[in-house]
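Worksheet: one structure, shown below.
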Amino acid sequence: NRLWCRLAIPLLWENPFSSRYHKNYRYIEVYLYSLNDKRQLNEYGINLPSNPLFNYPSFIQHLDTHSINECIIRWLQSIKIKSYDAYDADKLYFIPKSLIKLFSEKEAKLRTLNFTYQYDYDNYIDIIISELVLQNSNLI
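The opening position of the sequence shown corresponds to residue 19 in our numbering, with each subsequent residue numbered one higher.
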């Protein structure tokens, strides 16, 4: 029923990337459904359906840069995006940038933010996400 949904959905979506479920990368796709401008995603060969029922981005309260990094990479691999390269800076920058902007626009309020730093090239998204979150101080 509606009341149950209104109570349960915010709880389920406050920390979506903490799940150890192997398909937790699907959260990325649901968040991208909420984007107002999907044109650039289409340019990258990513086609998404219309808006979701809930304002999922507004519910996020916990963000871990390493977890979201892993989810973005697994999601891109799962949709078998044309010409996807794990080190393609344009695509790897656009998705986290869009997500952080979306969280900011949808008035998400982070209670915890975990930055993970490891010295390797895969850490590129972690650095981007960290910079974007710090630039959007209304998230913290």
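Just so you know, even glycine gets a beta-carbon here, dropped at the ideal spot from N, CA and C.
Any idea what DSSP makes of N132, helix, strand or coil? For the purposes of this step, residue 132 is identified with residue 114 of the sequence shown, where counting begins at 1. Strand at N132.
Buried or exposed: which applies to L30, given that a residue is buried once 16 or more other Cβ atoms fall within 10 Å of its Cβ? Residue mapping note: residue 30 aligns to position 12 of the sequence shown, counting from 1. With fewer than 16 Cβ atoms within 10 Å of its Cβ, L30 is classed as exposed.
Rounded C-alpha distance that separates R38 from S85: Counting from one through the sequence shown, the residue named residue 38 turns up at place 20. Counting from one through the sequence shown, the residue named residue 85 turns up at place 67. Rounded to the nearest angstrom, the two C-alpha atoms are 10 Å apart.
When you compare only the Cα positions, how much space is there between L59 and N65? In the sequence shown, the residue the question calls residue 59 occupies position 41. In the sequence shown, the residue the question calls residue 65 occupies position 47. Cα to Cα, L59 sits roughly 7 Å from N65.
Could you give the DSSP three-state label for D55: helix, strand or coil? Walking along the sequence shown from the start, residue 55 turns up at place 37. Coil at D55, not helix or strand.
Could you tell me whether the Cβ atoms of S96 and Y43 are closer together than 9 Å? Within the sequence shown, the letter at position 78 stands for residue 96. Within the sequence shown, the letter at position 25 stands for residue 43. Taking 9 Å as the Cβ cut-off, S96 and Y43 qualify as a contacting pair.
What are the boundary residues of the alpha helix (DSSP H) that includes L21? As a first step, residue 21 must be located in the sequence shown, where it is residue number 3. For L21, the uninterrupted alpha helix (DSSP H) segment begins and ends at R20 to W31.
Reference I78; option with closest CA among S116, K124 and P67: The sequence position of residue 78 within the sequence shown is 60, counting from 1. If we check each option's Cα against that of I78, K124 comes out closest.
Buried versus exposed call for W93 [16 or more other C-beta atoms within 10 Å across all chains shown]: Within the sequence shown, residue 93 is the residue found at index 75, counting from 1. Note on W93: 16 or more other CB atoms within 10 angstroms of its CB, so buried under the neighbour-count rule.
Where A26 falls, given that 16 or more other Cβ within 10 Å makes a residue buried: For the purposes of this step, residue 26 is identified with residue 8 of the sequence shown, where counting begins at 1. With fewer than 16 other Cβ atoms within 10 Å, it is exposed.
Give a yes or no on whether the C-beta atoms belonging to T130 and H80 are separated by under 9 Å. Here residue 130 refers to the residue found at position 112 of the sequence shown. Here residue 80 refers to the residue found at position 62 of the sequence shown. Inclusion of T130 and H80 in the CB contact set at 9 Å is warranted, their separation being smaller than that value.
With 16 other CB atoms within 10 Å as the buried threshold, where does P70 fall? Along the sequence shown, read from residue 1 onward, the residue named residue 70 stands at position 52. Flag for P70 reads exposed.
According to DSSP, is L66 part of a helix, a strand, or is it coil? Within the sequence shown, residue 66 is the residue found at index 48, counting from 1. In the structure shown, the three-state DSSP call for L66 is coil.
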